[in-house]
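Everything below concerns the one structure shown next.
Protein chains: 4
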Amino acid sequence: MPPAININADMGEGFGAYDIGNDDALLAIVNSANVACGFHAGDPTVMQGLVMRAKKHGVSLGAHPGFNDLWGFGRRRIDMKPADLEYMVAYQIGALQGIAAYAGIRVTHVKPHGALYNMASENEDYAAAIGRGIKAVDPTLIYVLLSGSVMEKAAEKVGLKYAREGFDDRTYEDDGNLTSRKIEGAVIRDPKVAAERVVRMVMDGVITARSGKKIKRRVDSLCIHGDEPTAVAVGQAAKDALIAAGARVLPLPEMPLG
Amino acid sequence: MPPAININADMGEGFGAYDIGNDDALLAIVNSANVACGFHAGDPTVMQGLVMRAKKHGVSLGAHPGFNDLWGFGRRRIDMKPADLEYMVAYQIGALQGIAAYAGIRVTHVKPHGALYNMASENEDYAAAIGRGIKAVDPTLIYVLLSGSVMEKAAEKVGLKYAREGFDDRTYEDDGNLTSRKIEGAVIRDPKVAAERVVRMVMDGVITARSGKKIKRRVDSLCIHGDEPTAVAVGQAAKDALIAAGARVLPLPEMPLG
Amino acid sequence: MPPAININADMGEGFGAYDIGNDDALLAIVNSANVACGFHAGDPTVMQGLVMRAKKHGVSLGAHPGFNDLWGFGRRRIDMKPADLEYMVAYQIGALQGIAAYAGIRVTHVKPHGALYNMASENEDYAAAIGRGIKAVDPTLIYVLLSGSVMEKAAEKVGLKYAREGFDDRTYEDDGNLTSRKIEGAVIRDPKVAAERVVRMVMDGVITARSGKKIKRRVDSLCIHGDEPTAVAVGQAAKDALIAAGARVLPLPEMPLG
Amino acid sequence: MPPAININADMGEGFGAYDIGNDDALLAIVNSANVACGFHAGDPTVMQGLVMRAKKHGVSLGAHPGFNDLWGFGRRRIDMKPADLEYMVAYQIGALQGIAAYAGIRVTHVKPHGALYNMASENEDYAAAIGRGIKAVDPTLIYVLLSGSVMEKAAEKVGLKYAREGFDDRTYEDDGNLTSRKIEGAVIRDPKVAAERVVRMVMDGVITARSGKKIKRRVDSLCIHGDEPTAVAVGQAAKDALIAAGARVLPLPEMPLG
């Protein structure tokens, strides 16, 4: 059986009069959409529009909860009590479920956003609080998390199915973490380079760090972006290369997860 | 069969470090709780605490969506597009459903808050937009609305079951609307006076306006308040009088609704 | 002495990760900038950047206070108590003054935004509350208001200097109000048409309504926009035509105001 | 010359329908008020009311800027870029200045709130960013900061006058930091105990840590609280004891500061 891979992207990040991102181009590439839920980005009207388009594209639907910090776009770390964090995640998932009813589709995964994702990948308390929030709302939801991070253990302890995520346009450090965007070259803008890396990541389970070191890392879901001018071309090239290499590209609910 | 009546109250209106209301006293009286959903009041942590206590008291759960205006406590009219309003209502219902999963209980009714309720009671477009938002999320939800207002017609057109609401501590005008709080005497603070009025309202379907005029008005659900020093005593007296008069006091899902 | 005219535009309407408008192009045309103050748009960082650029361009600085409604971009009417409204305006002016200190320049005018402007142009209570907020902070501030509206009387009663505003890219109705944007043709996109209209407005004090009716209307300040693809070209054409017609184009503090 | 001491308290922390704190009791004790500026607490109407009462009591006025986190009451650490932080502080000071114009009084000091204060006391970058924001708005403002912390150095480098703060109702650790509230006994609720400690702190410049260790620490301003049931009595006792011991109790602008 050839390897299976999911492709996801963050979407629905407009707010009121403000627009951002490149949702239409991304919807034509991905299998799964992570929809902002009104805390770090998104509003009920933006969410409703995204949900309808996700259905039309046959894209599976995920909540993308973030910190309650529109000014910081959810990218600023906020030191919250785990219980507050947990209920905040449950609230946002529920809100998207309410909106998803317009399209008659179900929310099937949850991926935390920005600083919430980063904090969870380093701090098992945060990762577990997110997991408990997910499980409380619907224990069949898939927790999308950073491959190789403490989030995996948290998801296992909480008892959730999870998908290990990798990135098509980012370099990695020796410890398996993403290179900080502040470092020159951290974002891969050449579609060919990205495509080659992604094939090795998905088909062989190997990520090559900046140093050249090979890191063993299972990736179930590949995150592509829409915010760099080159991002959509990079994402398309990654997908094409994976299909050419024989991978089955699937929505998250159809993925064989550990 | 003796008349049935439901008693509801607005709750969960704290936010962060701020507390308000008298939820514990009200939970001991009411059959149904209208829970603020984080827009005009309430936050995920407050909502979670309220949901757990509602379950413990056997109180049925309703969403109490309001305008996105914490500063105005949802009491300021905001001129929204009907579609934005509709999705805003659906969002808030979904958010409470997400939190209600912690208690394993269902959201069974929706009552708009403050200025949203007032605008809907005068403007069928608003009333219908709220109704569509409710129906999209769950068509079995009961729409709690002002008895005798255009909200009744809106609920019928949208195709929702609804409960007609009356108030235990407020006087009425000849047209069936509530007397403005700005007018002296608009709030009834004498438990005995309130109890007598409520019995006539529920048992006979008659409200006596300030002028003395009798208004025919069916009431399925009686709203009691917690925000006046006398409110809880007034609410308790209303309930006791209804039971003494032979009314069956029921949660909303058990009410025989038109 | 040839007629004097000011040209203003709304700016600084980005927020966090979100950008909007066309500030750089507008700064090269206008004499005066109306800066969003963080309620309907703008944040402290965006404000600081705008203030520095306004100074560099020699553009006079005004506060552009709006409703506390980022989701609605200040375009939704909110029914506030006049006192709350007044202090809300004073707060926003003060906030911009704080930021303006970075450039060592003074805030010299105030123009309300969006729905706040529209409500004030119809409701003298709102117009006066805004005026009192302005006067409390600095009685030398110029109140920019809709020419011919009740705002003029409010500014006079409060005792503020004011500038009567006209629009370069909008048609007018017979009563002197702007044609609703919902009506086809309400926005003028042809630079030549706009330029001719603006010259008549400023040099002759005459606005031609859609019906052809001539309306006598004094205009001290011309508002140009940045949000339509054609808006900057229309604004530039209006300015060029005014200069060609002999008008003196001045910052607000240098304008001879009634 | 007998030692001089200032007594300050945080105030104006209501928001919309929500009330909190004990401002009236505190205004009768303190010389200086730290007024919440609408980000972590407070709104323009609450601020206006507080400013008028501060004037009436002859209490000097300070801005109490905090993180933009009403839900967390400014008590959650947020990881902001120093520039964003700096402009956020300048914005809040300006906003209070705008409101202070109603009373015709000046803002004369700035004390950061909650998590912003705590972060600044540990992180000189934060402390300096706050200082730059203060200085940009008005270089004569007094920076109220934790005695003995890195904030002192930051204030010196930025070039601001500062007042070293101590607390009347909190125990200290050997390193001069406050004992965490999570530790039993961290809040002093006995007025006599507090009064004795405060006299030693102000008259002798000595704080006794929990361990018994004597810490040399200059205190120019004593912070009293209103949020514990015993806090006002503790604050009054502290003030009475200081006066009895011969201290001159002064508003911040009259204090001899280093």
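Same order as they appear, the protein sequences are chains A, D, Z and F. The letter at position 51 of the first sequence is residue 47 when you use the working numbering, and the numbering goes up by one with no holes. The letter at position 200 of the second sequence is residue 196 when you use the working numbering, and the numbering goes up by one with no holes. The letter at position 68 of the third sequence is residue 64 when you use the working numbering, and the numbering goes up by one with no holes. The letter at position 164 of the fourth sequence is residue 160 when you use the working numbering, and the numbering goes up by one with no holes. Idealized CB from N, CA, C, for every residue including glycine. Predicted, not measured: the structure shown is a model, and the values here were computed from it.
- Tell me, please, whether the CB atom of A190(D) is closer than 8 Å to any CB atom in chain F? It does not; no Cβ of chain F falls within 8 Å.
- Per DSSP, cross-strand counterpart(s) of F163(F): Beta-bridge pairing links F163(F) to C219(F).
- Query: By the 10 Å Cβ neighbour count, where 16 or more other Cβ atoms means buried, how is P252(A) classified, buried or exposed?
  - Reply: P252(A) should be labelled exposed.
- Task: Check whether the Cβ of I74(A) lies closer than 8 Å to any Cβ atom in chain F.
- Result: Yes, its Cβ sits closer than 8 Å to a Cβ of chain F.
- For chain A, find out if any of its Cβ atoms is closer than 8 Å to the Cβ of M84(D); answer yes or no. Yes, M84(D) counts as interfacial toward chain A.
- Message: For a contact defined as C-beta to C-beta under 9 Å, what are the partners of N279(D) on chain Z?
- Response: Examination of residue 279(D) is not possible in this model, given that chain D is present from -3 through 254 alone.
- Determine the closest residue to I1(D) out of S217(D), E224(D), A50(D), with distance taken between C-alpha atoms. If we check each option's Cα against that of I1(D), S217(D) comes out closest.
- Around the C-beta of G242(D), are 16 or more other C-beta atoms found within 10 angstroms, so that it is buried, or is it exposed? Exposed.
- Message: Based on DSSP bridge pairs, tell me the residues matched to K212(D).
- Response: Looking at the DSSP assignment, K212(D) forms a beta bridge with V202(D).
- Contact list for the region 52 to 73 of chain D against chain Z, Cβ threshold 8 Å: Taking 8 Å as the upper bound on Cβ-Cβ separation, chain Z lies near residues N64, D65, W67, G68, R72, R73 of the region 52 to 73 of chain D.
- Around the Cβ of P108(A), are there at least 16 other Cβ atoms within 10 angstroms (buried) or fewer (exposed)? Around the beta carbon of P108(A), 16 or more other beta carbons lie within 10 angstroms, which makes this residue buried.
- Collapsed DSSP secondary structure at R72(A) in the structure displayed: In the structure shown, R72(A) adopts coil according to DSSP, grouped into three states.
- Jot down the residue ranges of each uninterrupted beta strand (DSSP E) in the region 53 to 120 of chain F, minimum 3 residues, whole runs only, in chain order. Listed in chain order, they are 56 to 60, 103 to 106.
- Message: Contact criterion: CB-CB distance below 8 Å. Does T226(Z) meet it with respect to chain F?
- Response: Against chain F, the CB of T226(Z) has no partner CB under 8 Å away; the residue lies outside that interface.
- Message: Would you call the region 122 to 141 of chain A in contact with the region 71 to 91 of chain A, where contact means no fewer than 3 C-beta pairs closer than 8 Å?
- Response: Judged by pairs of C-beta atoms under 8 Å, the region 122 to 141 of chain A touches the region 71 to 91 of chain A, as three or more such pairs exist.
- Between which two residues does the alpha helix (DSSP H) carrying I239(A) extend? Segment 227 to 240, the alpha helix (DSSP H) holding I239(A).
- Beta-carbon spacing of L156(A), Y139(A) below 8 Å: The Cβ atoms of L156(A) and Y139(A) sit closer than 8 Å to each other.
- Task: Confirm, please, whether the CB-CB distance from I95(Z) to Y87(F) is below 8 Å.
- Result: In contact: Y87(F) and I95(Z) (Cβ atoms closer than 8 Å).
- Query: Of all Cβ atoms in chain Z, is any one closer than 8 Å to the Cβ of P137(F)?
  - Reply: For the record, residue 137(F) in the displayed sequence is Leu; it is not Pro. It does not; no Cβ of chain Z falls within 8 Å.
- Proximity of A5(A) and V26(A) at Cβ, strictly below 8 Å: In terms of Cβ geometry, A5(A) and V26(A) form a close pair [threshold 8 Å].
- Message: On the criterion of 16 or more Cβ atoms from any shown chain inside 10 Å, does M7(A) qualify as buried, or is it exposed?
- Response: Of the other Cβ atoms in all chains shown, 16 or more fall within 10 Å of the Cβ of M7(A); this residue is therefore buried.
- So, helix, strand or coil for V26(F), using DSSP? The DSSP-derived three-state label of V26(F) is coil.
- Beta carbon of G62(A) nearer than 8 Å to that of G100(A): Not a contact, by the Cβ cut-off of 8 Å.
- Between the Cα of A132(Z) and those of F163(F), V230(F), G162(F), Q93(F), spot the shortest distance and give me the residue it belongs to. Closest option to A132(Z), judged by alpha-carbon separation, among F163(F), V230(F), G162(F), Q93(F): Q93(F).
- Item | Proximity test, Cβ basis, 8 Å: Y14(A) and chain Z | By the rule that beta-carbons nearer than 8 Å mark a contact, Y14(A) touches chain Z.
- Through-space distance from L238(A) to V51(A), alpha-carbon basis: Sequence check: residue 51(A) is Lys here, not Val. Answer to the nearest angstrom: the Cα atoms are 24 Å apart.
- Taking one C-beta from the region 210 to 228 of chain Z and one from the region 166 to 183 of chain Z each time, how about it: are there three or more such pairs within less than 8 Å? The answer is yes - the region 166 to 183 of chain Z touches the region 210 to 228 of chain Z, with three or more Cβ pairs under 8 Å.
- Name the DSSP beta bridge partners of A5(F), please? According to the DSSP secondary-structure assignment, A5(F) is paired through a beta bridge with A29(F).
- Item | Residue environment, S176(A), which counts as buried when at least 16 other CB atoms sit within 10 Å | Exposed, by the Cβ-count rule.
- Item | Beta-carbon spacing of G181(A), T167(A) below 8 Å | Taking 8 Å as the Cβ cut-off, G181(A) and T167(A) qualify as a contacting pair.
- Item | Short Cβ contact (8 Å threshold) for A190(F) with V230(F) | Taking a C-beta distance under 8 Å as the contact criterion, A190(F) and V230(F) qualify as a contact pair.
- Query: In chain D, which residues lie less than 9 Å from A79(A) when you measure between Cβ atoms?
  - Reply: Per Cβ cutoff of 9 Å: T41, Q44.
- Query: Which residues in the same chain as D223(D) place their Cβ atom closer than 8 Å to its Cβ, once the five residues preceding and following it in sequence are excluded?
  - Reply: Listed in chain order, the non-local C-beta contacts of D223(D) below 8 Å within the same chain comprise I16, G17, N18, local neighbours out to five positions each way being set aside.
- Query: Are L57(F) and T104(F) touching if we call contact CB-CB under 8 Å?
  - Reply: Yes, these two residues count as a Cβ contact at 8 Å.
- Item | A159(D) versus G254(D): straight-line alpha-carbon distance, rounded | Their backbone Cα atoms lie some 8 Å apart in a straight line.
- Does any residue of chain Z bring its CB to less than 8 Å from the CB of F11(A)? Yes, contact with chain Z.
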